[in-house]
Amino acid sequence: MRLTRVPGLLFGGDYNPEQWPEEVWAEDVRLMAEAGVTMATVAVFSWSRLEPAQGVYDFGWLDRVLDLLHEHGVSADLATATATPPPWLVRAHPEVMPVDAHGVRLEFGSRQGYCPSSPIFREHTVRLATAIATRYAEHPALAMWHIGNEYADHTLECFCPESARHFRAWLQARYGTVGALNAAWGTSCWGQHYTGFEQIEPPRKAPGPVNPAQLLDWRRFCSDALLELFTAERDALREVTPAVPVTTNFMSILHGLDYWSWAAAEDLVSDDAYPDPADPESHVAVALSYDLMRSLKQRPWLLLESAPSAVSWREVNVPKPPGMMRLHSLQAVAHGADGVMFFQWRQAKYGPEKFHSALLPHGGTATRGWQDTLRLGADLRRLAEVAGTATRAEVALVLGWDSWWGLEAPESMPSNRLRLKELLLAWYAPLHARGIAVDLAPPDRDLSAYRVVIVPNLYLCTAQQAKALASVTGELVVGPFSGVVDESDQVHDGGAPGPLRELLGVAIDEFWPLADGVTQRVRHAGGDVGLARTWAEWPRVVGDAVEVLARYEGGDLDGLPATTRNGNATYLSCLLDDLTPVLDRVLHDVPALDVPLGVEATRRENHLFLLNHTSTPQQVALPQPGRDLLSETDLRGVITLAARDAVVLRIEGDT
Numbered sequence: 000m001r002l003t004r005v006p007g008l009l010f011g012g013d014y015n016p017e018q019w020p021e022e023v024w025a026e027d028v029r030l031m032a033e034a035g036v037t038m039a040t041v042a043v044f045s046w047s048r049l050e051p052a053q054g055v056y057d058f059g060w061l062d063r064v065l066d067l068l069h070e071h072g073v074s075a076d077l078a079t080a081t082a083t084p085p086p087w088l089v090r091a092h093p094e095v096m097p098v099d100a101h102g103v104r105l106e107f108g109s110r111q112g113y114c115p116s117s118p119i120f121r122e123h124t125v126r127l128a129t130a131i132a133t134r135y136a137e138h139p140a141l142a143m144w145h146i147g148n149e150y151a152d153h154t155l156e157c158f159c160p161e162s163a164r165h166f167r168a169w170l171q172a173r174y175g176t177v178g179a180l181n182a183a184w185g186t187s188c189w190g191q192h193y194t195g196f197e198q199i200e201p202p203r204k205a206p207g208p209v210n211p212a213q214l215l216d217w218r219r220f221c222s223d224a225l226l227e228l229f230t231a232e233r234d235a236l237r238e239v240t241p242a243v244p245v246t247t248n249f250m251s252i253l254h255g256l257d258y259w260s261w262a263a264a265e266d267l268v269s270d271d272a273y274p275d276p277a278d279p280e281s282h283v284a285v286a287l288s289y290d291l292m293r294s295l296k297q298r299p300w301l302l303l304e305s306a307p308s309a310v311s312w313r314e315v316n317v318p319k320p321p322g323m324m325r326l327h328s329l330q331a332v333a334h335g336a337d338g339v340m341f342f343q344w345r346q347a348k349y350g351p352e353k354f355h356s357a358l359l360p361h362g363g364t365a366t367r368g369w370q371d372t373l374r375l376g377a378d379l380r381r382l383a384e385v386a387g388t389a390t391r392a393e394v395a396l397v398l399g400w401d402s403w404w405g406l407e408a409p410e411s412m413p414s415n416r417l418r419l420k421e422l423l424l425a426w427y428a429p430l431h432a433r434g435i436a437v438d439l440a441p442p443d444r445d446l447s448a449y450r451v452v453i454v455p456n457l458y459l460c461t462a463q464q465a466k467a468l469a470s471v472t473g474e475l476v477v478g479p480f481s482g483v484v485d486e487s488d489q490v491h492d493g494g495a496p497g498p499l500r501e502l503l504g505v506a507i508d509e510f511w512p513l514a515d516g517v518t519q520r521v522r523h524a525g526g527d528v529g530l531a532r533t534w535a536e537w538p539r540v541v542g543d544a545v546e547v548l549a550r551y552e553g554g555d556l557d558g559l560p561a562t563t564r565n566g567n568a569t570y571l572s573c574l575l576d577d578l579t580p581v582l583d584r585v586l587h588d589v590p591a592l593d594v595p596l597g598v599e600a601t602r603r604e605n606h607l608f609l610l611n612h613t614s615t616p617q618q619v620a621l622p623q624p625g626r627d628l629l630s631e632t633d634l635r636g637v638i639t640l641a642a643r644d645a646v647v648l649r650i651e652g653d654t
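As structure tokens, this is what we get:
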């Protein structure tokens, strides 16, 4: 669902007029119009202002804000204001506040202070959402609904009695009988056998390691509990305004929430992204998260929050140097965003985020920041034709949240150094450097359309997921420690790679994590030597047609196969520092773009984005002549791309 009321690419940010005297509002909307702002997110943290007492509403100030925005051509991403409960609700019902794993109930005074399972909190959020939807259903500024805010940022889980009750109900719905739960959780280990669901509690702080199967179900439950909270408000909004799209702002690649499930429940995917200006490689990691956002619904998405310059929550909050705000924004558009918005419009005078940058800085319109705001607004207007265009990817990276949760369970793994984000990035970075578009996909999706499918890790692998991977017709690459356990975190019969054994043609006799300072040499068939530093395995070939592509060299694994190929399926039993030999073999049919290191090349249909993330000019050979929409000039041949500059080339004809 697109925001049909707002043409072109969206531009704007969070607007918190309740933090300012009303006489400031007129200046705000005048400057928004000057900057080309098309949308403002409003009322995210305004519950106590909109409902100062239970059932008593004060919509007058918000009426005036929305009227002002509409008069100046600015649409509203209108929040349901439920991101933080009001103090009157907390004092009347202290049980709505979350309890941590130590049994301590948290106090009011920050944000997102609520128990996701609280029926009292849920009842009040639905009532408020209904009241707001009824009030503004026909308001001409309303373009989108914004529910909650950054779910699971501060409150992912709650360990109170109400959460325990909800968890038990969730488990009973999943397993039916306590006997089935005992079998799934393996409760005969350590004497944990249950005789009734009423005996089960959340995995609070315990004397020793907690049952990893219980932890896995707890992670599933926590994601689902918050999703229930979201969908309760969503359903209330749809009852009143079925044609208005609904979103909530994701937090890039977040461990706590299964975004495949969440994205299916909303109309438009939106994301908050804050790459660190002090990290010269941050643009690669954020590109990976942007590709996830595009892949969640396989269509354009919206960057709902980003920082114009410095944030306020790192140990050292480095500002963005000249050009970086624009470059980061254009990068989001390059990866499928149909708009770029910021936190926030006017820089705050007080509170925890008073030093967080804004489109309108403390110093006002005389600042560098304001000039950056004006320039970006003009650029996004020039790129209006990009809105709605698609990205065609021929490579997929597989990401499954169940597997991620199981992989990173504490205190129960051969090594705690296998971190899924790092594994994803290890494969994504060299693809990104070659200008190869990448989709992310869940492990049970039909992957037959891709020329190359890469599974960095699939620790938890079901028979259904193995069947989906076996249906890949292009190149399939599977990383180590995959196919280890089933959906209940129980080791597959015969060990790893479990249901992938026939597909990969290997069996793993033993996992071989590497101690600090230990490296394992790997010699590829072509003679190149690579290194593994954190993980290796003792594999055994079990397929008649398996080809050994690399062998371990030296140490206890000397001579054993490190990388194998069975038909179209390649298996890596180690984490290699350099994946080039593997990628060179499987990417032979995938078109790439030859650009200098630090220059990003990304396509959206017939629009080629070239982004220079370095601090020096770079020479780039254009694959085809075209029209640069930003400079409004025709370009061909070799161009000089200035430091932190960009070109968006409209290429006519076959791309």
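Counted from 1, the sequence shown has number 617 at position 618 by numbering that gives the first Met the number 0; the numbering is strictly sequential.
Glycine is no exception: its CB is placed at the ideal position from the N, C-alpha and C atoms.
Fair warning: this is a prediction, and the values are worked out from it, not measured in the lab.
Residue environment: ASN415 is assigned as exposed (fewer than 16 neighbouring CB atoms within 10 Å of its CB, all protein chains considered). A Cβ-Cβ separation of about 16 Å leaves LEU406 out of contact with LEU439 under the 8 Å criterion. Going by DSSP, LEU439 is part of the beta strand (DSSP E) stretching over 437 to 440. Restricted to the stretch 410 to 490, the alpha helix (DSSP H) segments that are unbroken, complete and at least 4 residues in length are 419 to 432 and 462 to 469, listed in chain order.
Pairing ALA531 with ALA524, the inter-Cα distance amounts to about 16 Å.
Cβ atoms of ALA549 and ASN565 stay farther apart than 8 Å, at about 14 Å. For MET96, the secondary structure class from DSSP, reduced to helix, strand or coil, is coil. GLY387 and ASP337 have their C-alpha atoms roughly 7 Å apart.
In chain order, TRP184 and ASN210 place their CB closer than 8 Å to the CB of GLN191, counting only its own chain and leaving out the 5 sequence neighbours on each side. With respect to the 8 Å criterion, GLY102 and PHE166 are not classified as neighbours on the basis of their beta carbons.
In this structure, ALA142 is the residue among SER187, PHE341 and ALA142 with its C-alpha nearest to the C-alpha of PRO244. Look at the beta carbons and you see the stretch 123 to 137 not touching the stretch 210 to 224: under three pairs across the two are nearer than 8 Å. Counting along the chain, TYR14 sits inside no alpha helix (DSSP H); it lies in the beta strand (DSSP E) bounded by residues 9 to 14. Residues VAL28, ARG29, MET31 and ALA32 of the same chain have their beta carbon placed closer than 8 Å to that of HIS71, with the five preceding and five following residues left out of the count.
The alpha-carbon of LYS353 is positioned some 15 Å away from that of ARG110. The beta carbon of ASN456 is closer than 8 Å to those of SER402, LEU406, LEU417, LEU419, LEU422, GLY478, PRO479, PHE480 and SER481 in its chain, skipping five residues each way along the sequence. Residue pairing by DSSP puts PRO538 in a beta bridge opposite ILE507. Linking ASP275 to ALA357 through their CA atoms gives a straight-line distance of about 16 Å.
Look at the stretch 14 to 50 and you find these whole runs of alpha helix (DSSP H), each 4 residues long or longer: 21 to 34 and 46 to 49.
In terms of Cα proximity to SER572, the closest of GLU509, ASN611 and SER487 is GLU509. With fewer than 16 neighbouring CB atoms inside 10 Å of its own CB, LYS204 falls in the exposed class. ALA212 and VAL177 have their C-alpha atoms roughly 14 Å apart. A straight line joining the alpha-carbon of ALA392 with that of ALA284 spans about 18 Å.
Remark: C-beta atoms of ALA136 and THR240 approach each other more closely than 8 Å. By DSSP's assignment, MET340 forms a beta bridge with GLY11. Contact between ARG603 and GLY335 holds, since their C-beta atoms are separated by about 7 Å, short of 8 Å. In the three-state reduction of the DSSP assignment, TYR551 falls in the strand class, which pools E and B. Its chain contains ALA151 and SER222 as the residues whose beta carbon lies nearer than 6 Å to that of LEU256, once the 5 sequence neighbours on both sides are disregarded; these appear in chain order. Per DSSP, the unbroken beta strand (DSSP E) holding MET143 starts and ends at 141 to 145. Less than 8 Å divides the Cβ of SER308 from the Cβ of MET324.
Ranked by how close their Cα comes to the Cα of PRO206, the residues GLU410, ASP627 and LEU596 have GLU410 in first place. Straight-line spacing of the CA atoms in HIS123 and LEU302 works out to 29 Å. When rounded, the separation of the alpha-carbon atoms in GLN297 and ARG444 is 12 Å. Between GLY35 and GLY376, the C-beta gap is smaller than 8 Å, which places the two residues in contact.
For LEU329, the number of other beta carbons within 10 angstroms of its own is at least 16, and it is reported as buried. By the neighbour-count criterion, in which 16 or more other beta carbons inside 10 Å mark a residue as buried, ALA91 falls on the exposed side.
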